[in-house]
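Student:
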Amino acid sequence: MAQKAGKGDGKGKGKLRSSKTKGGEGGGGDADDYEAWMRSRQLLKPDDQLDLTEAELGEEITKALTPTNTNIVRNLVVYSFKEGEFVLAPLPGNTVTLISFAGNSLHVDSEEARRQIEESDEIGYPLPMPNYTVVEQREVEAGDGEEGEGEEDEDDGGAKSQKDDGGEEEEVEEEDDEEGKGTEGDEGEGEGEGAPRDDEETGGGARAVAVSSKKRKLINQFNYCERAALTYTNPKRNVDTQTIPPPRSQYGANVLQWVIYDSYLENFAEQQKDGGKKDDRKRGMRAKKFRDKTAIAEQLNKKYLKCWQILERMINQNIYDDIAHDYRYWEDPADEFRDGEGNLLPLWKFQYDKTKKMNVTDILFNPSYYDLFAVCFGSHDFMKQTNEGYLCLFTVKNPSFPDYIIQTDSGVMCCDIHRTYPFLAVIGLYDGNVAVYNLREDCKEPLYVSKGVNCKHAECVWQIRWGPDMPDGEVNFFSVSSDGRVFNWILMQNKLWVTSIITLYRDNTIVDGPDGTKVSLKSGGSCIQFHPVDPKIFLVGTECGFIYKCSTSFSSKYLMTYMAHNMSVYRIDFNRFNSNIFVSCSGDWRVKVWEDMRADPLFIFDLGAAVGDVKWAPYSSTVFAAVTTEGKVHVFDLNVNKYKAICVQAVVPKRKNKLTRLAFNEKLAFIVVGDEKGVTTSLKLSPNLRMMVKPPKKQLYLDQNTLQISKLEKLLSLVRELPEGAVIQDAATTVKS
């Protein structure tokens, strides 16, 4: 009722105002101050708080607290090597020990303390124990039962026993002074004789009185120690030796390519100066071997080449860090909204300063190192041939400069790298010669080179391929040229041994020669591709548009002749999952998919421009890509669309540049394409261009290779089942530029 009255009328406010005025602290309050004070005293109730009844508010909820730890695993088992089976692990206790240390104090009334006191009384001096017990002093009772005859003192004038009487304190002090004179003697003799001992064997309970007239003095048990421990121990000393500090220097700069080049030249010049100043005999003998500047440069390059390469790769990877992440992890999220279409992401561009005006004539990935690929530089213009050619091996770890450079006197038109020996590279030149280089050794001089008029091709070598090793272990390769011949080259000990495999003649084309004799017309070879399963079978594309199926066992007759194209066949490639399927491209704008021993093609595509190269994808049985002279890359997936490409993307401008060659990476989903300006561009495939086959729910055990083969067979079955007399029509649509 008092609270209601205080809130309802103004009396409470007046009292509050008057109290503030009297105190002098508020300086005189008013109604606003009271309302602000009341608002601060009110309880704030959340909007979502439950409204409980009086019964629910008065309900008591019992909570039982137990020492059981619920986090302890109750059924934990461990393997017992003794029992040879799993046994239950003992449960840990509920008590957690925070600190624990051993003490040396005993209670005076404990059994252990009593036993130690009795033992010390028997021998007359405290036991030499490391943890001696602290006990109370005991009075030594005399045999006649009189008190005060035996007194207890501490060592070195320690604590003195005192009596309540003031007169007795003086007597005790005098006795202590007399005893202080013989303290040293008493301590020495205390260990021997004169120590009182308890007679435990008598059973009467009486203690024997010490015969010695001197009173036994108890030793301070806190400072007790053996005399052997009183030996002086010399303290350890730290001996510091001061030496001349090594010379130091601070250097900081931005390490770039031209900085590396300048430091290389400075180091080379310093070594030349130092070599000229030193007249030592040993160094003089070594200097005679390296007088030539080129020899000194080669030795220096061999010593520092690996270090420079590692440093250069680190710098380039830091510069192109964003591209390096896209190279491995890029996934285009827009492919989810494209209906079976994809795109290509440009990555690095690889080029060499001396090959800017040359054409990329061939591209090939190293079979052992998936990030290393070879690029051939020459010219496809027969009227503008250069006096030099290059074979450069680039790596994605260093896009700025090739790792290996091979220079030749003629344009390099093709190359191949051995699968078993990835350091052996063979090249075909525009002048008809072939050469073999060992990349582990000097790349300036070839390991083997063709010599003479009869031991070379008469015209340009268009393609070259390593063959399987001979029965005797000799390494060999095959080459095809515009002169219409296919040669087999064998690497002997000191020279190349050449054998003519086949001469390409046209079928039923015998004409009269100048002298009236019958002459068969030759067909110039433009490409060659060996069967992936049977190494004796190979396909040869010609400049007349024919594809001949040949064998290395005999050269008198073709196994099969395909009327493939109307112009020169540029490239042929076998499917990775079905060796009976191959694809070809030509300058007549067409790309055709063929089946072995079938005269008509399975698929025909018109790309609207001359097709320079075509390759099957190594990861899918239905995906292949092609490049055209319009500067575009076409990617096909026959399983998605059998009539047109699912990706058509321009890489270079068509009026100024043309794409010539293409290569798929064997492990990662990206391709490299070359153009006529000597630039090689790498492109990453989007997810729609590299989709894998999902196994059915009942056949999850099938691997990807089996699924790819079945996918291709299902596709081919739709094409093979044709009505009688039907002919495959050219269903291709010309791509609008």
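Here my numbering runs 113 ahead of the position in the sequence shown, where the first position is 1.
The C-beta atom is built at its ideal place from N, Cα and C for all residues, glycine as well.
Since this is a predicted model, take the numbers as computed values, not measurements.
1. Trp610 lies in the beta strand (DSSP E); which residues open and close that run?
2. Need the endpoints of the beta strand (DSSP E) that Asp686 sits in, please.
3. Does Gln852 pass the burial test, meaning 16 or more other C-beta atoms within 10 Å, or should it be called exposed?
4. Please report the residue range of the alpha helix (DSSP H) in which Gly171 lies.
5. Going by DSSP, what residue range makes up the beta strand (DSSP E) through Ile174?
6. Out of curiosity, what's the CA-to-CA distance linking Leu781 and Met680?
7. Within its chain, find whatever has a CB closer than 6 Å to the CB of Phe777; leave out the 5 residues flanking it on each side and keep chain order.
8. Buried or exposed: where does Trp575 fall if 16 or more other Cβ atoms within 10 Å of its Cβ makes it buried?
9. Please report the distance separating the alpha-carbon of Val848 from that of Lys670.
10. In the DSSP assignment, what are the bridge partners of Asp788?
11. Consult DSSP for Thr183 and reduce its assignment to one of helix, strand or coil.
12. In this structure, does DSSP put Lys797 in helix, strand or coil?
13. Does DSSP put Pro459 in a helix, a strand or coil?
14. Please determine, among Asn351, Val221, Asp484, Lys416, the residue with the shortest C-alpha to C-alpha distance to Glu779.
15. Opposite Gln642 in the DSSP bridges: which residues?
16. Count the other C-beta atoms from every protein chain shown that fall within 10 angstroms of the C-beta of Asn752, then say buried if there are 16 or more, exposed otherwise.
17. Kindly provide the ranges of any alpha helix (DSSP H) runs that are 4 or more residues long and lie completely inside the segment 406-462, ordered along the chain.
18. What do you get for Ala548, buried or exposed, if any count of 16 or more other CB atoms within 10 angstroms of its CB means buried?
19. Go ahead and label Cys420 buried or exposed: buried means 16 or more other beta carbons lie within 10 angstroms of its beta carbon, across all protein chains shown.
20. Compute the Euclidean distance between the alpha carbons of Gln355 and Tyr364, then round it to the nearest angstrom.
21. Comparing C-alpha positions only, which one of Lys767, Gln162, Val696 sits nearest to Phe718?
22. Three-state secondary structure (DSSP) at Ala763?
23. I'd like to confirm the pairing. Which residues does DSSP put opposite Asp222 in its beta bridges?
24. Using alpha carbons as the reference points, say which of Arg598, Ser830, Asn380 lies closest to Leu715.
25. Mapping DSSP to helix, strand and coil, what is Ser699?
26. Do Leu537 and Leu506 have their beta-carbon atoms positioned less than 9 Å apart in this structure?
27. May I have the straight-line CA-CA distance separating His570 from Val748, to the nearest angstrom?
28. Under DSSP, the beta strand (DSSP E) around Ala538 begins and ends at which residues?
29. Could you pull the DSSP bridge partners for Ile530 from this structure?
30. By DSSP, does Ile373 sit in helix, in strand, or in coil?
31. Whole angstroms are fine: how far does the CA of Leu460 sit from the CA of Asp200?
32. Can you give me the Cβ contacts of Ile603 inside the same chain, cut-off strictly under 6 Å, excluding the 5 residues immediately before and after it?
Tutor: Reading off the structure:
1. Residue 610 sits at position 497 when you count from the first residue of the sequence shown. In the DSSP assignment, Trp610 falls within the beta strand (DSSP E) that extends over 609-616.
2. What you label residue 686 is simply residue 573 of the sequence shown in a count that begins at 1. Bounds of the beta strand (DSSP E) holding Asp686 are 682-687.
3. Only positions 114 to 850 of the chain appear in this structure, which leaves residue 852 out of reach.
4. Indexing the sequence shown from 1 puts residue 171 at position 58. Gly171: member of the alpha helix (DSSP H) spanning 167-171, first to last residue.
5. The sequence position of residue 174 within the sequence shown is 61, counting from 1. Taken as a continuous stretch (DSSP letters only), Ile174 belongs to no beta strand (DSSP E), as it is neither H nor E.
6. Against the sequence shown, residue 781 aligns to sequence position 668. Against the sequence shown, residue 680 aligns to sequence position 567. Using only the alpha carbons, I get a separation of about 34 Å.
7. Residue mapping note: residue 777 aligns to position 664 of the sequence shown, counting from 1. Excluding five sequence positions before and after Phe777, the CB atoms of its chain that fall closer than 6 Å to its own CB belong to Lys728, Ala730, Pro731, Ile784, given in chain order.
8. The count along the sequence shown starts at 1 and reaches residue 575 at position 462. Its Cβ being crowded by 16 or more others within 10 Å, Trp575 is buried.
9. For the purposes of this step, residue 848 is identified with residue 735 of the sequence shown, where counting begins at 1. For the purposes of this step, residue 670 is identified with residue 557 of the sequence shown, where counting begins at 1. The pLDDT assigned to Val848 is 37, lower than 50, so where the model puts this residue is not dependable, and the model offers no usable value.
10. Translated into the one-based positions of the sequence shown, residue 788 becomes position 675. Per DSSP, Leu772.
11. Start at 1 with the first residue of the sequence shown, and residue 183 comes out as number 70. Under the three-state reduction of DSSP output, Thr183 falls in the coil class, being neither helix nor strand.
12. Your numbering for residue 797 matches position 684 in the sequence shown. Looking at Lys797 - three-state DSSP - the assignment turns out to be strand.
13. For the purposes of this step, residue 459 is taken as the residue at position 346 of the sequence shown. When secondary structure is reduced to three states using DSSP, Pro459 falls in the strand class.
14. Position 666 of the sequence shown, counted from the start, is the residue given in the question as residue 779. Checking every option, the nearest Cα to that of Glu779 belongs to Asp484.
15. What you label residue 642 is simply residue 529 of the sequence shown in a count that begins at 1. Its beta-bridge partners are Leu652.
16. Indexing the sequence shown from 1 puts residue 752 at position 639. Of the other Cβ atoms in all chains shown, 16 or more fall within 10 Å of the Cβ of Asn752; this residue is therefore buried.
17. Runs found: 406-432, 434-442.
18. Taking the sequence shown and counting its residues from 1, the one referred to as residue 548 is at position 435. The Cβ neighbour count for Ala548, taken over all protein chains shown within 10 Å, is at least 16; the residue is labelled buried.
19. If you number the sequence shown from 1, residue 420 lands on position 307. Cys420 should be labelled exposed.
20. Mapped onto the sequence shown, residue 355 falls at position 242. Mapped onto the sequence shown, residue 364 falls at position 251. As the crow flies, the alpha-carbon of Gln355 is around 27 Å from that of Tyr364.
21. Here residue 718 refers to the residue found at position 605 of the sequence shown. Nearest of Lys767, Gln162, Val696 to Phe718, Cα basis: Val696.
22. Counting from one through the sequence shown, the residue named residue 763 turns up at place 650. In the three-state reduction of the DSSP assignment, Ala763 falls in the strand class, which pools E and B.
23. As a first step, residue 222 must be located in the sequence shown, where it is residue number 109. DSSP lists no partner for Asp222.
24. Reading the sequence shown from its first residue, position 602 is the one you call residue 715. Comparing Cα positions, the closest option is Ser830.
25. In the sequence shown, counting from the first residue as 1, residue 699 sits at position 586. Assignment of Ser699 by DSSP, reduced to helix, strand and coil, places it in the strand class.
26. The sequence position of residue 506 within the sequence shown is 393, counting from 1. The sequence position of residue 537 within the sequence shown is 424, counting from 1. By the CB criterion at 9 Å, Leu506 and Leu537 fall outside the cutoff.
27. Taking the first residue of the sequence shown as 1, we reach residue 570 at position 457. Taking the first residue of the sequence shown as 1, we reach residue 748 at position 635. Per the coordinates, the alpha-carbon of His570 lies some 35 Å from the alpha-carbon of Val748.
28. Counting from one through the sequence shown, the residue named residue 538 turns up at place 425. That run of the beta strand (DSSP E) goes 537-542.
29. Here residue 530 refers to the residue found at position 417 of the sequence shown. DSSP lists Ala538 as partners of Ile530.
30. Taking the first residue of the sequence shown as position 1, residue 373 is located at position 260. Annotated three-state conformation of Ile373 is helix, per DSSP.
31. Along the sequence shown, read from residue 1 onward, the residue named residue 200 stands at position 87. Along the sequence shown, read from residue 1 onward, the residue named residue 460 stands at position 347. The amino acid at residue 200 is misidentified as Asp; the sequence shows Val. The C-alpha of Leu460 is placed about 60 Å away from the C-alpha of Val200.
32. Here residue 603 is taken as the residue at index 490 of the sequence shown, counted from 1. Contacts found: Glu587, Asn589, Trp610.
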